[in-house]
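Novice: Sharing a structure with you now.
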Amino acid sequence: MFWSASPAAGAHLRAATPGSSGPTSLDDATDKATNAAGWVQENWGTWLTSGLQILLIIVIAVVLRHVIRRTITKLIERMNRTVAAAQGTALGGLLVNAERRRQRSEAIGSVLRSVASFVIMGTAALTVLSVLKINLAPLLASAGVAGVAIGFGARNLVTDFLSGVFMILEDQYGVGDEIDAGVATGTVIEVGLRVTKLRGPNGAIWYIRNGEVKRIGNLSQGWSTAAVDVVIAADQDLERARETITSAGEEMSKSEPWNEQLWEGVEVLGLSEVHLDTVTISVSAKTMPGKAPGVERELRWRIKRALDAAGVHLAPRPAPEEEDEEAADPTAAMSAPSALNNPLSPQSMATNPIAAPSKMGK
1150 MFWSASPAAG AHLRAATPGS SGPTSLDDAT DKATNAAGWV QENWGTWLTS GLQILLIIVI
1210 AVVLRHVIRR TITKLIERMN RTVAAAQGTA LGGLLVNAER RRQRSEAIGS VLRSVASFVI
1270 MGTAALTVLS VLKINLAPLL ASAGVAGVAI GFGARNLVTD FLSGVFMILE DQYGVGDEID
1330 AGVATGTVIE VGLRVTKLRG PNGAIWYIRN GEVKRIGNLS QGWSTAAVDV VIAADQDLER
1390 ARETITSAGE EMSKSEPWNE QLWEGVEVLG LSEVHLDTVT ISVSAKTMPG KAPGVERELR
1450 WRIKRALDAA GVHLAPRPAP EEEDEEAADP TAAMSAPSAL NNPLSPQSMA TNPIAAPSKM
1510 GK
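Residue numbers for the sequence shown follow our numbering, beginning at 1150 and rising by one.
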């Protein structure tokens, strides 16, 4: 006898068999695949639009950053060419320090390029996050709190940085300048946004934080003054001394290299001090910035030789006065008067021992 099972009976048998995948599991998988395909089909347009927006934002940011940085670089190069052209003239060679201007312009350009890059890329990053539907409010709030905390913790660093930026922008000093920064004095060997390096007179290198500088005395900007005091004997011919000093100054202003360092002729100002046996003649000259000490030394040398040749004698150096020792006070070792020194005084008699009573006979 042959037995045959119908398809319906076979399906029923598979469903009843434990561990077999029935039509319920297959239907679920089909539904999931259909839902996933539908979800992808519904959102692929949004993804494509967001991806294109992000790509466009990045491209615009990169191109804008490159254009701005290149513009700043071209501007700095143009400034340097203008300074180099002025350096070739006679007056520009004295008034313009090409190397200092170049370093200053490069520092300004570096700061501007860094600020431009930070602003552009930061804006692009925030825009990309907004395209991705990320809520920026908590992020900005956290960044604000973190910024305030960092600002309080690093306020000295921020102060140094801002002070350095304004020092460079205002051209308060540059490399090679002789400055008095209050906390140190010397020649500037490096100018940074946070620290300025000075070479002191004894060769020491001073690292000064820009935020600690409260005042700046620049001895290298504009012009300097060479001042020399000539002390001669009071009995010498003052008119002859004036003519001799003037002649020495004129001869110095015509010789190399002092003719470039002296911007005006040597001037005899007159008498600054008059004493019983000496008089002081003040001599002054306007020089290039930072050249006053060398001009003063050379001017003293020439004035001394000219006065010796003219027979005008300088005043001898006064001998140091010896300080007289104060005489010892003769009463210092004496004691204060006391009533006990007089044996007949009541105080002295009161201190005498009382005599023992005499023994009475029995």
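Cβ coordinates follow ideal geometry from the N, Cα and C atoms, glycine included.
Starting from Leu1418 and walking both ways along the beta strand (DSSP E), at which residues does that stretch end?
Specialist: Glu1416 to Val1423
Novice: Let's see if you can read the secondary structure: which residues bound the alpha helix (DSSP H) around Ser1402?
Specialist: Leu1387 to Ser1402
Novice: From the DSSP secondary-structure annotation, give me the bridge partner or partners of Thr1429.
Specialist: Its beta-bridge partners are Val1380 and Glu1422.
Novice: Quick one: which unbroken alpha helix (DSSP H) runs of 4-plus residues sit fully inside the stretch 1269 to 1314? Chain order, please.
Specialist: 1285 to 1302
Novice: Determine the DSSP secondary structure at Leu1261, reduced to helix, strand or coil.
Specialist: Here DSSP, grouped into helix, strand and coil, assigns Leu1261 to helix.
Novice: Give every residue of the same chain whose Cβ lies closer than 7 Å to the Cβ of Leu1240, excluding the five residues on either side of it in the sequence, and list them in chain order.
Specialist: Because the pLDDT of Leu1240 is 46, which lies under 50, any placement of that residue in the model is unreliable, and the number read from its coordinates should be weighed accordingly. Nothing meets the Cβ criterion.
Novice: Going along the chain, which residues of its own chain have a beta-carbon closer than 8 Å to the beta-carbon of Met1401, five neighbours each way excluded?
Specialist: Trp1407, Leu1411, Val1415, Glu1447, Leu1448 and Arg1451
Novice: If Gly1360 and Leu1342 are in contact, beta carbons under 8 Å, what's the gap, nearest whole angstrom?
Specialist: No, Gly1360 and Leu1342 are not in contact; Cβ-Cβ is about 11 Å, not under 8 Å.
Novice: Hey, would you say Ile1357 sits closer than 8 Å to Ala1333, going by beta carbons?
Specialist: Less than 8 Å divides the Cβ of Ile1357 from the Cβ of Ala1333.
Novice: Quick one: using the 10 Å Cβ neighbour count with 16 as the cut-off for buried, is Leu1175 buried or exposed?
Specialist: That one is exposed.
Novice: Among residues of its own chain, excluding the 5 on either side of Ala1178, which ones have a beta-carbon nearer than 7 Å to its beta-carbon?
Specialist: Once the five neighbours on either side are set aside, Ala1178 has no close Cβ partner at all.
Novice: Less than 8 Å between C-beta atoms, sequence neighbours within five positions excluded: which residues of the same chain meet that for Gly1443?
Specialist: The beta carbon of Gly1443 sits closer than 8 Å to those of Gln1410, all from its chain and outside the five residues before and after it, given in chain order.
Novice: Take every Cβ of the stretch 1265 to 1276, pair it with every Cβ of the stretch 1205 to 1214, and state whether three or more of those distances are shorter than 8 Å.
Specialist: Output reads yes: the stretch 1205 to 1214 touches the stretch 1265 to 1276.
Novice: Would you kindly work out how many angstroms separate the C-alpha atoms of Gly1325 and Leu1261, rounded to a whole number?
Specialist: 24 Å
Novice: Output yes or no for whether 8 Å exceeds the beta carbon distance between Gly1135 and Ile1328.
Specialist: Because the chain spans 1150 through 1511 in this model, residue 1135 falls outside it and cannot be assessed.
Novice: Any idea if Asp1473 is buried or exposed, counting beta-carbon neighbours within 10 angstroms, 16 or more meaning buried?
Specialist: Because Asp1473 carries a pLDDT of 49, less than 50, the predicted location of this residue cannot be relied on, and no value is offered for it.
Novice: Beta-carbon within less than 7 Å of Ser1441's beta-carbon, same chain only, minus the 5 sequence neighbours each way: which residues are those?
Specialist: According to the sequence displayed, residue 1441 carries Ala and not Ser. Here the set comprises Ser1373, Thr1374 and Ala1375.
Novice: Classify Ile1452 as helix, strand or coil using the three-state DSSP reduction.
Specialist: Shown here, Ile1452 sits in a helix according to DSSP, grouped into three states.
Novice: For Gly1439 versus Leu1368, is the C-beta spacing smaller than 8 Å?
Specialist: yes
Novice: According to DSSP, is Leu1368 part of a helix, a strand, or is it coil?
Specialist: coil
Novice: From what residue to what residue does the beta strand (DSSP E) around Trp1355 run?
Specialist: Ile1354 to Arg1358
Novice: DSSP on Asp1177, reduced to helix/strand/coil?
Specialist: helix
Novice: Is Ile1354 buried or exposed, if buried means 16 or more other CB atoms sit within 10 Å of its CB?
Specialist: exposed
Novice: Distance, Cα to Cα, Val1280 vs Leu1205?
Specialist: C-alpha of Val1280 to C-alpha of Leu1205: approximately 11 Å in a straight line.
Novice: If you follow the alpha helix (DSSP H) that Glu1409 is part of, which residue opens it and which one closes it?
Specialist: Trp1407 to Gln1410
Novice: DSSP three-state label for Glu1447, please.
Specialist: helix
Novice: So, are the CB atoms of Ala1383 and Thr1427 less than 8 Å apart?
Specialist: yes
Novice: Which residue's Cα is closest to the Cα of Ser1433: Ala1459, Pro1350, Thr1395 and Glu1226?
Specialist: Thr1395
Novice: Can you tell me where the beta strand (DSSP E) holding Arg1348 begins and where it ends?
Specialist: In this chain, the beta strand (DSSP E) harbouring Arg1348 covers Val1344 to Arg1348.
Novice: Taking Ile1381 and Ala1464 to be in contact with their CB atoms under 8 Å, please state how far apart those CB atoms are, rounded to whole angstroms.
Specialist: 6 Å
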